[in-house]
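The block underneath contains the structure these notes are about, expressed in structure tokens.
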Amino acid sequence: MLDMLTDRCATMCLLVNLALLYPSYTFLFQLSMSLDIASHWLHLHSSMMKGATSHKTIDLSGNPILRIYYTSRPVLFVMCMGNELFFCLLYVLHFIEEPYGWLQVLLWVCALISVMKAAISVLHLITASRNMAALDVAERERERAAKQQ
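Numbered by the numbering used here, the letters in the sequence shown go through residues -9 to 139 in order.
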């Protein structure tokens, strides 16, 4: 859990700096920060409420995209590395007057990965919201049953 917290904090610091360097994209950086924090927090919270020992423990019968994301180390690595590299490249390229072509290509590849990672974050948010709603309904049903006895 500490690794997730440090990852979120480091990424947010980088995104705040990018918002200063690219003011016309500030809203997108803010949206990225909000989505990242909200989806990870709700995913972690719903996992713990369901009794999971780790936020990376996933119901294998659940969403196939999240299943691949969490069970394939290469996929998880590429998604996380590509997302972070996209933001790092934006930072570095701001200070390079004439960047090499391969850096621009790498930026676009990482941009696609970053968009896919954002889509997975939205999926996290939806799945975790549904899990929390189901837990809430079950808790209310237990309370109603206890009152009727």
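For glycine and all other residues, C-beta sits at the position ideal for the given N, C-alpha and C.
Computed from a predicted structure; not experimentally measured.
Boundaries of the alpha helix (DSSP H) in which residue i is found, first to last residue
i	result
Lys107	Gly91 to Gln138
Phe77	Arg63 to His84
Asn7	Leu(-8) to Leu11
Ser37	Thr16 to Met39
Pick from the options that is closest to residue i, judged by C-alpha positions
i	options	result
Leu8	Leu97, Ala123, Ile27 and Tyr81	Tyr81
His30	Glu87, Leu115 and Leu125	Leu115
Cys(-1)	Cys78, Phe17 and Asp26	Asp26
Gly52	Leu113, Arg130 and Glu129	Leu113
Cys3	Asp(-7), Leu(-8) and Gln20	Gln20
Test item: CB-CB of residue i and residue j under 8 angstroms
i	j	result
Ser24	Asn121	no
Ile103	Phe76	yes
Thr1	Glu74	yes
Counted within 10 angstroms of its Cβ, other Cβ atoms place residue i as buried (16 or more) or exposed
i	result
Tyr59	buried
Gly72	buried
Ala118	buried
His84	exposed
Ser22	buried
Closer than 8 angstroms to chain C by CB, residue i
i	result
Glu88	Here chain C cannot be found, since the structure has a single protein chain.
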